[in-house]
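Comments concern the structure below.
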Amino acid sequence: MAQVIEQGNIVAFLIGGARAATREGWARDLDGVWHEMAAALKKQKGFLGMKALWNIEDNQEIIVLAYWDNLEDRLAYERTAAGGVRARMETTLQGPPPRPKYEVMRARGASLDGVKVGQIAAVLTARSHASTRAAFDQDLKKVWEEATGIASMRPGFVAAQALWSIENTRQAHIVGFWESLDNRLSYEGSVAGPVRARFESILEPPYPRPKYVIVKST
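Following this line, the structure appears as C-alpha coordinates:
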(Lines of atoms letter the chains of each structure in order from A; the text may use other names.)
(Lines give C-alpha, C1' and ligand atoms only; values in the text may rest on other atoms or scores of the structure.)
Protein backbone atom coordinates (compact mmCIF):
# COMPACT_ATOMS: atom_id res chain seq x y z
CA MET A 451 0.00 0.00 0.00
CA ALA A 452 1.27 3.47 -0.85
CA GLN A 453 2.33 5.62 2.06
CA VAL A 454 1.42 9.15 3.03
CA ILE A 455 3.63 11.87 1.59
CA GLU A 456 4.94 14.16 4.32
CA GLN A 457 6.91 17.38 4.51
CA GLY A 458 10.60 16.65 3.97
CA ASN A 459 10.15 13.68 1.62
CA ILE A 460 12.20 13.79 -1.58
CA VAL A 461 10.56 13.91 -5.00
CA ALA A 462 11.91 12.97 -8.42
CA PHE A 463 10.13 15.28 -10.84
CA LEU A 464 10.81 13.54 -14.14
CA ILE A 465 9.66 15.08 -17.41
CA GLY A 466 9.89 13.45 -20.80
CA GLY A 467 8.13 12.73 -24.06
CA ALA A 468 7.18 9.97 -26.47
CA ARG A 469 7.33 9.80 -30.25
CA ALA A 470 4.08 7.90 -30.65
CA ALA A 471 1.66 9.36 -33.19
CA THR A 472 -1.45 8.40 -31.20
CA ARG A 473 -2.45 8.40 -27.56
CA GLU A 474 -2.85 4.64 -27.71
CA GLY A 475 0.72 4.26 -28.91
CA TRP A 476 1.94 6.70 -26.28
CA ALA A 477 0.10 4.76 -23.56
CA ARG A 478 1.86 1.56 -24.60
CA ASP A 479 5.24 3.30 -24.49
CA LEU A 480 4.56 4.75 -21.04
CA ASP A 481 3.31 1.40 -19.79
CA GLY A 482 6.65 -0.21 -20.58
CA VAL A 483 8.62 2.54 -18.86
CA TRP A 484 6.27 2.56 -15.87
CA HIS A 485 6.66 -1.16 -15.21
CA GLU A 486 10.42 -0.97 -15.72
CA MET A 487 10.73 1.88 -13.23
CA ALA A 488 8.32 0.33 -10.73
CA ALA A 489 10.17 -2.99 -10.73
CA ALA A 490 13.44 -1.24 -9.92
CA LEU A 491 11.98 1.24 -7.43
CA LYS A 492 10.08 -1.27 -5.31
CA LYS A 493 13.36 -2.97 -4.42
CA GLN A 494 14.90 0.25 -3.15
CA LYS A 495 15.07 1.38 0.46
CA GLY A 496 13.01 4.46 1.28
CA PHE A 497 10.79 4.40 -1.83
CA LEU A 498 7.23 5.57 -1.06
CA GLY A 499 5.38 5.45 -4.37
CA MET A 500 4.95 7.18 -7.72
CA LYS A 501 2.40 8.72 -10.05
CA ALA A 502 2.40 9.13 -13.83
CA LEU A 503 0.57 12.01 -15.51
CA TRP A 504 -0.06 12.89 -19.14
CA ASN A 505 -0.86 16.22 -20.73
CA ILE A 506 -4.49 16.41 -21.92
CA GLU A 507 -3.50 19.08 -24.45
CA ASP A 508 -0.46 17.33 -25.90
CA ASN A 509 -0.23 13.55 -25.78
CA GLN A 510 3.56 13.60 -26.06
CA GLU A 511 4.38 15.15 -22.67
CA ILE A 512 4.57 13.09 -19.50
CA ILE A 513 5.52 13.61 -15.86
CA VAL A 514 6.38 10.94 -13.33
CA LEU A 515 6.51 11.88 -9.65
CA ALA A 516 8.48 9.42 -7.49
CA TYR A 517 8.60 9.92 -3.71
CA TRP A 518 11.32 8.97 -1.20
CA ASP A 519 11.77 9.04 2.57
CA ASN A 520 15.08 10.89 2.38
CA LEU A 521 17.76 12.23 0.08
CA GLU A 522 20.28 9.48 0.86
CA ASP A 523 17.93 6.73 -0.32
CA ARG A 524 17.07 8.76 -3.42
CA LEU A 525 20.75 9.07 -4.30
CA ALA A 526 21.29 5.36 -3.68
CA TYR A 527 18.59 4.59 -6.26
CA GLU A 528 20.21 6.94 -8.77
CA ARG A 529 23.44 4.97 -8.52
CA THR A 530 21.62 1.72 -9.37
CA ALA A 531 18.87 2.77 -11.80
CA ALA A 532 19.19 1.77 -15.45
CA GLY A 533 20.47 4.69 -17.50
CA GLY A 534 18.03 4.02 -20.32
CA VAL A 535 15.01 4.66 -18.10
CA ARG A 536 16.42 7.98 -16.90
CA ALA A 537 17.31 9.01 -20.43
CA ARG A 538 13.75 8.36 -21.59
CA MET A 539 12.15 10.14 -18.65
CA GLU A 540 14.42 13.17 -18.12
CA THR A 541 14.97 14.44 -21.62
CA THR A 542 14.07 18.01 -20.69
CA LEU A 543 16.15 18.26 -17.50
CA GLN A 544 19.65 19.71 -17.48
CA GLY A 545 22.79 18.16 -16.09
CA PRO A 546 23.87 14.59 -15.49
CA PRO A 547 22.00 12.31 -13.09
CA PRO A 548 21.75 11.75 -10.20
CA ARG A 549 19.44 14.73 -9.67
CA PRO A 550 17.19 14.48 -6.58
CA LYS A 551 15.40 17.58 -7.74
CA TYR A 552 12.67 18.44 -5.24
CA GLU A 553 11.68 18.18 -1.62
CA VAL A 554 8.08 18.18 -0.42
CA MET A 555 7.65 21.50 1.37
CA ARG A 556 4.18 20.97 2.79
CA ALA A 557 1.37 18.59 2.03
CA ARG A 558 -2.40 18.88 2.45
CA GLY A 559 -4.15 15.53 2.63
CA ALA A 560 -1.57 14.23 0.20
CA SER A 561 -1.81 10.47 0.69
CA LEU A 562 -0.95 8.62 -2.49
CA ASP A 563 -3.94 6.39 -1.76
CA GLY A 564 -6.22 9.39 -2.24
CA VAL A 565 -5.01 10.12 -5.77
CA LYS A 566 -6.55 7.78 -8.34
CA VAL A 567 -6.20 7.03 -12.02
CA GLY A 568 -8.36 9.38 -14.07
CA GLN A 569 -8.20 12.33 -11.69
CA ILE A 570 -7.00 15.69 -12.93
CA ALA A 571 -3.78 17.32 -11.80
CA ALA A 572 -2.60 20.90 -12.12
CA VAL A 573 1.16 21.38 -12.22
CA LEU A 574 1.81 25.05 -11.51
CA THR A 575 5.34 26.47 -11.71
CA ALA A 576 6.61 29.76 -10.33
CA ARG A 577 9.81 31.58 -9.49
CA SER A 578 10.41 33.70 -6.41
CA HIS A 579 12.67 36.75 -6.12
CA ALA A 580 13.68 35.74 -2.59
CA SER A 581 17.44 35.63 -1.96
CA THR A 582 17.28 33.03 0.83
CA ARG A 583 15.41 29.79 1.36
CA ALA A 584 13.78 31.25 4.47
CA ALA A 585 12.39 34.17 2.47
CA PHE A 586 11.35 31.84 -0.32
CA ASP A 587 9.50 29.68 2.20
CA GLN A 588 7.54 32.68 3.44
CA ASP A 589 6.69 33.77 -0.10
CA LEU A 590 5.46 30.33 -1.06
CA LYS A 591 3.59 29.95 2.22
CA LYS A 592 1.42 32.98 1.45
CA VAL A 593 0.50 31.75 -2.02
CA TRP A 594 0.05 28.18 -0.78
CA GLU A 595 -2.45 29.24 1.87
CA GLU A 596 -4.34 31.45 -0.58
CA ALA A 597 -4.50 28.83 -3.33
CA THR A 598 -5.40 25.85 -1.14
CA GLY A 599 -7.81 27.92 0.91
CA ILE A 600 -9.84 28.60 -2.21
CA ALA A 601 -9.40 25.07 -3.56
CA SER A 602 -10.55 23.38 -0.36
CA MET A 603 -13.92 25.13 -0.64
CA ARG A 604 -14.51 23.86 -4.17
CA PRO A 605 -16.21 20.54 -5.05
CA GLY A 606 -13.96 17.71 -6.15
CA PHE A 607 -10.71 18.96 -4.58
CA VAL A 608 -8.58 15.96 -3.51
CA ALA A 609 -5.19 17.21 -2.33
CA ALA A 610 -2.29 19.53 -3.08
CA GLN A 611 1.46 19.31 -2.68
CA ALA A 612 4.03 22.10 -2.67
CA LEU A 613 7.52 21.22 -3.87
CA TRP A 614 10.68 23.28 -3.87
CA SER A 615 13.91 22.69 -5.75
CA ILE A 616 16.87 21.74 -3.57
CA GLU A 617 19.23 22.97 -6.29
CA ASN A 618 17.56 26.30 -6.97
CA THR A 619 15.72 28.02 -4.12
CA ARG A 620 13.82 30.22 -6.57
CA GLN A 621 11.90 27.49 -8.35
CA ALA A 622 8.70 25.97 -6.98
CA HIS A 623 5.88 23.72 -8.10
CA ILE A 624 2.42 23.17 -6.66
CA VAL A 625 0.62 20.02 -7.76
CA GLY A 626 -3.14 20.04 -7.18
CA PHE A 627 -5.36 16.98 -7.66
CA TRP A 628 -9.05 16.95 -8.62
CA GLU A 629 -11.74 14.29 -8.98
CA SER A 630 -12.73 15.38 -12.48
CA LEU A 631 -12.07 17.89 -15.23
CA ASP A 632 -15.34 19.69 -14.46
CA ASN A 633 -14.20 20.20 -10.86
CA ARG A 634 -10.86 21.52 -12.05
CA LEU A 635 -12.52 23.96 -14.44
CA SER A 636 -14.88 25.11 -11.69
CA TYR A 637 -11.86 25.98 -9.55
CA GLU A 638 -10.24 27.82 -12.44
CA GLY A 639 -13.33 29.96 -12.78
CA SER A 640 -13.21 30.99 -9.14
CA VAL A 641 -9.55 31.34 -8.22
CA ALA A 642 -8.01 34.78 -7.72
CA GLY A 643 -6.05 36.01 -10.73
CA PRO A 644 -2.86 36.97 -8.85
CA VAL A 645 -2.44 33.41 -7.59
CA ARG A 646 -2.53 32.00 -11.11
CA ALA A 647 -0.33 34.77 -12.44
CA ARG A 648 2.35 34.00 -9.87
CA PHE A 649 2.19 30.25 -10.45
CA GLU A 650 1.67 30.01 -14.20
CA SER A 651 4.17 32.57 -15.40
CA ILE A 652 5.90 30.01 -17.60
CA LEU A 653 2.71 28.45 -18.97
CA GLU A 654 1.04 29.75 -22.09
CA PRO A 655 -2.39 31.45 -21.93
CA PRO A 656 -5.30 31.38 -22.25
CA TYR A 657 -6.49 29.97 -18.97
CA PRO A 658 -8.04 27.80 -17.62
CA ARG A 659 -5.54 25.04 -18.38
CA PRO A 660 -6.33 21.75 -16.56
CA LYS A 661 -2.98 20.42 -17.58
CA TYR A 662 -2.67 16.75 -16.66
CA VAL A 663 -4.68 13.62 -15.97
CA ILE A 664 -3.32 10.75 -13.86
CA VAL A 665 -2.83 7.58 -15.86
CA LYS A 666 -1.04 5.43 -13.29
CA SER A 667 -0.72 5.64 -9.52
CA THR A 668 0.64 3.57 -6.66
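Just so we're aligned: the sequence shown equals residues 451 to 668 in this note's numbering.
C-beta: ideal position from N, C-alpha, C; glycine also.
- The shortest CA-to-CA distance from Arg-604 to any of Trp-614, Glu-474, Thr-582, Leu-631 is the one to Leu-631.
- A distance below 8 Å between beta-carbons, with the five flanking residues on each side excluded, links Tyr-662 to the following residues of its chain, in chain order: Leu-503, Trp-504, Asn-505, Ile-506, Ile-513, Ile-570, Ala-571, Ala-572, Val-573.
- In the structure shown, Glu-474 falls within a helical segment according to DSSP collapsed to helix, strand and coil.
- In the structure shown, the three-state DSSP call for Met-603 is coil.
- The three-state reading of DSSP puts Asn-505 in strand, counting E and B together.
- Here DSSP, grouped into helix, strand and coil, assigns Ala-584 to helix.
- Residue environment analysis places Ser-581 among the exposed positions, since fewer than 16 neighbouring C-beta atoms fall within 10 angstroms of its C-beta.
- With a contact defined as Cβ atoms closer than 8 Å, Ala-585 and Gly-626 miss out at about 24 Å.
- Where Ile-664 is concerned, the enclosing beta strand (DSSP E) starts and stops at 662–667.
- Burial state of His-623 is buried, judged by a 10 Å Cβ sphere holding 16 or more other Cβ atoms.
- DSSP, read as helix, strand or coil, puts Ser-578 in coil.
- Val-593 and Gln-457 have their alpha carbons spaced roughly 17 Å apart.
- Contact between Asp-523 and Asn-459 does not hold, since their C-beta atoms are separated by about 10 Å, which reaches or exceeds 8 Å.
- Exposure of Glu-595 is indicated by the presence of fewer than 16 other C-beta atoms within 10 angstroms of its C-beta.
- In the three-state reduction of the DSSP assignment, Val-483 falls in the helix class.
- About 7 Å separates the beta carbon of Trp-614 from that of Leu-590, a gap short enough to meet the 8 Å contact definition.
- Val-454 sits in a strand when the DSSP states are folded into three classes.
- Boundaries of the beta strand (DSSP E) around Val-625: 621–628.
- Put simply, the backbone Cα of Gln-611 is about 30 Å away from that of Gly-475.
- A straight line joining the alpha-carbon of Gly-564 with that of His-579 spans about 33 Å.
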